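A.B. asks:
In the numbering used here, the protein residues as written are 79 to 395.
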């Protein structure tokens with residue numbers, strides 16, 4: 079492993095900051111109709127960019143054209159519970175557990191006929207990318223993971239943390255209550271704006287930037303998926319039986335052998351592990367890079383060129 083600190087590359091004159099990712103597409107994939115953006119040559123090598131909570135595909139609004147210009151077929155799906163992604167059946171559990179969300183990525187690739195892709199993401203998206211890389215390495219050509227190794231388990235999450243670390247997870251405990259569910263449902267935009275501010279304390283985003291992503295939280299399944307995700311982590315909500323075997327494998331904290339580049343912002347205000355804590359989980363070629371300049375949790379949107387460069391770099395190993 080090599081570790082390096084990298085300054086945020088000097089950015090060119092910014093493109094229109096609130097432009098969309100272009101016309102969205104839909105594809106039936108697994109239990110979902112997935113909404114997604116696509117850019118770049120259709121015969122280019124595929125890269126799938128995966129967002130987290132409470133963000134959406136616009137976290138990649140600037141990295142996407144940069145990667146398309148480099149010749150990649152860039153695919154940016156809405157996670158279940160966001161944007162135009164919908165469940166195909168009213169009877170499907172609005173499940174946010176890690177195995178379900180990661181399986182969505184494989185189903186999305188299958189639906190588009192993509193055998194293998196570079197997977198890159200942050201927050202929930204980094205976790206899903208890591209799960210795919212660990213369990214289905216033949217589907218992941220290379221990995222870019224913001225905040226490193228995020229695969230977890232209910233058993234691991236049962237262990238108490240030091241008080242300051244518990245404090246950082248305040249919203250997880252709020253979501254464990256019915257008051258929290260009701261509060262998030264009633265105030266999801268205000269809640270998400272607060273998370274953006276706490277997680278990226280030096281990112282001076284404007285109202286238009288936030289509003290562009292916040293529209294995705296109006297998805298009718300958003301609250302249910304988010305609440306289930308955080309309750310499942312604490313063992314307060316059951317997963318679905320079809321994911322039990324996958325969760326057993328993930329609970330063993332499997333190593334990841336595909337080429338991997340992990341990124342961290344130097345001003346990430348969200349709970350995150352230190353790079354040294356997860357370096358040994360990556361057993362293939364591996365580099366960690368810290369992006370300086372006040373970069374917070376939403377690294378792909380705050381430092382899009384650094385993120386895009388990482389995808390190109392790791393794909394070249």
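A virtual CB, placed ideally from N, CA and C, is assigned to each residue, including glycine. It should be emphasised that the depicted structure is a prediction, and the values quoted were computed from it without experimental measurement.
Note down, in chain order, each residue of its chain lying with its Cβ closer than 8 Å to the Cβ of residue 336, except the 5 sequence neighbours on either side.
C.D. replies: Position 258 of the chain shown, counted from the first residue, corresponds to residue 336. Within the same chain, residue 336 has close Cβ partners 211, 215, 218, 219, 220, 221, 362.
A.B. asks: The beta strand (DSSP E) that contains residue 341, what's its start and end?
C.D. replies: Numbered from 1 along the chain shown, position 263 holds the residue referred to as residue 341. Start and end: 338 to 343.
A.B. asks: Extract the residue ranges of the alpha helix (DSSP H) inside the region 260 to 290, only unbroken runs of 4 or more that lie entirely within it.
C.D. replies: Fully enclosed alpha helix (DSSP H) runs of 4 or longer: 266 to 277.
A.B. asks: From residue 354 to residue 230, what distance separates their C-alpha atoms?
C.D. replies: On the chain shown, position 276 is the one that residue 354 refers to. On the chain shown, position 152 is the one that residue 230 refers to. The alpha-carbon atoms of residue 354 and residue 230 are separated by roughly 17 Å.
A.B. asks: If I follow the unbroken alpha helix (DSSP H) through residue 104, where does it start and stop?
C.D. replies: In the chain shown, the residue the question calls residue 104 occupies position 26. Note, residue 104: premise wrong, no alpha helix (DSSP H); beta strand (DSSP E) at 103 to 107.
A.B. asks: Please check the pair residue 237 and residue 209, which I expect to be a contact at CB under 8 Å, by giving their CB distance rounded to whole angstroms.
C.D. replies: Locating residue 237 in the chain shown gives position 159, where the first residue counts as 1. Locating residue 209 in the chain shown gives position 131, where the first residue counts as 1. The Cβ separation is near 21 Å, so there is no contact.
A.B. asks: In the DSSP output, which residue or residues are listed as bridge partners for residue 198?
C.D. replies: Here residue 198 refers to the residue found at position 120 of the chain shown. Answer by DSSP bridge pairing, in chain order: 127, 222.
A.B. asks: Going by DSSP, what residue range makes up the beta strand (DSSP E) through residue 377?
C.D. replies: Against the chain shown, residue 377 aligns to sequence position 299. Per DSSP, residue 377 belongs to no beta strand (DSSP E); it is in the alpha helix (DSSP H), 377 to 380.
A.B. asks: I'd like the list of long-range same chain contacts for residue 146, defined as Cβ closer than 7 Å, with 5 residues on each side in sequence excluded.
C.D. replies: Here the question's residue 146 lines up with position 68 in the chain shown. So the list reads 117, 118, 152, once near-sequence residues are dropped.
A.B. asks: Do residue 367 and residue 388 have their C-beta atoms within less than 8 Å of each other?
C.D. replies: Indexing the chain shown from 1 puts residue 367 at position 289. Indexing the chain shown from 1 puts residue 388 at position 310. Contact flag set, yes.
A.B. asks: Go through its chain and collect everything with a Cβ distance to residue 315's Cβ below 6 Å, but skip five positions before and after it.
C.D. replies: For the purposes of this step, residue 315 is taken as residue 237 along the chain shown, with counting starting at 1. So the list reads 306, 309, once near-sequence residues are dropped.
A.B. asks: With distances taken Cα to Cα, identify the nearest neighbour of residue 358 among 213, 193, 338, 312.
C.D. replies: For this step, residue 358 is matched to residue 280 along the chain shown. Minimum Cα distance to residue 358 is reached at 338.
A.B. asks: Taking 8 Å as the cut-off, decide whether the C-beta atoms of residue 203 and residue 128 are in contact.
C.D. replies: What you label residue 203 is simply residue 125 of the chain shown in a count that begins at 1. What you label residue 128 is simply residue 50 of the chain shown in a count that begins at 1. Result yes, Cβ atoms of residue 203 and residue 128 sit closer than 8 Å.
A.B. asks: Measure the Cβ-Cβ separation of residue 207 and residue 223 and say whether it is below 8 Å.
C.D. replies: For the purposes of this step, residue 207 is identified with residue 129 of the chain shown, where counting begins at 1. For the purposes of this step, residue 223 is identified with residue 145 of the chain shown, where counting begins at 1. Cβ atoms of residue 207 and residue 223: closer than 8 Å.
A.B. asks: Under three-state DSSP, which class holds residue 113?
C.D. replies: Stepping through the chain shown from its first residue, residue 113 is reached at position 35. The answer is strand: DSSP assigns residue 113 an E or B state.
A.B. asks: Span of the beta strand (DSSP E) holding residue 365?
C.D. replies: Start at 1 with the first residue of the chain shown, and residue 365 comes out as number 287. Start and end: 364 to 370.
A.B. asks: Should residue 393 be labelled buried (16 or more other beta-carbon atoms within 10 Å of its own) or exposed?
C.D. replies: Locating residue 393 in the chain shown gives position 315, where the first residue counts as 1. With 16 or more Cβ atoms within 10 Å of its Cβ, residue 393 is classed as buried.
A.B. asks: Can you give me the Cβ contacts of residue 233 inside the same chain, cut-off strictly under 7 Å, excluding the 5 residues immediately before and after it?
C.D. replies: Here residue 233 refers to the residue found at position 155 of the chain shown. Within the same chain, residue 233 has close Cβ partners 329.
A.B. asks: Among 350, 381, 318, 179, whose alpha-carbon lies nearest the alpha-carbon of residue 157?
C.D. replies: Here residue 157 is taken as the residue at index 79 of the chain shown, counted from 1. Nearest of 350, 381, 318, 179 to residue 157, Cα basis: 179.
A.B. asks: Whole beta strand (DSSP E) runs in the region 134 to 220 with 3 or more residues, listed along the chain?
C.D. replies: Taking only runs of at least 3 residues, the beta strand (DSSP E) segments lying wholly in the region 134 to 220 are 151 to 155, 195 to 199.
A.B. asks: Can you give me the Cβ contacts of residue 250 inside the same chain, cut-off strictly under 8 Å, excluding the 5 residues immediately before and after it?
C.D. replies: To locate residue 250, count along the chain shown from 1; it is residue 172. Answer for residue 250: 308, 311, 312, listed in chain order.
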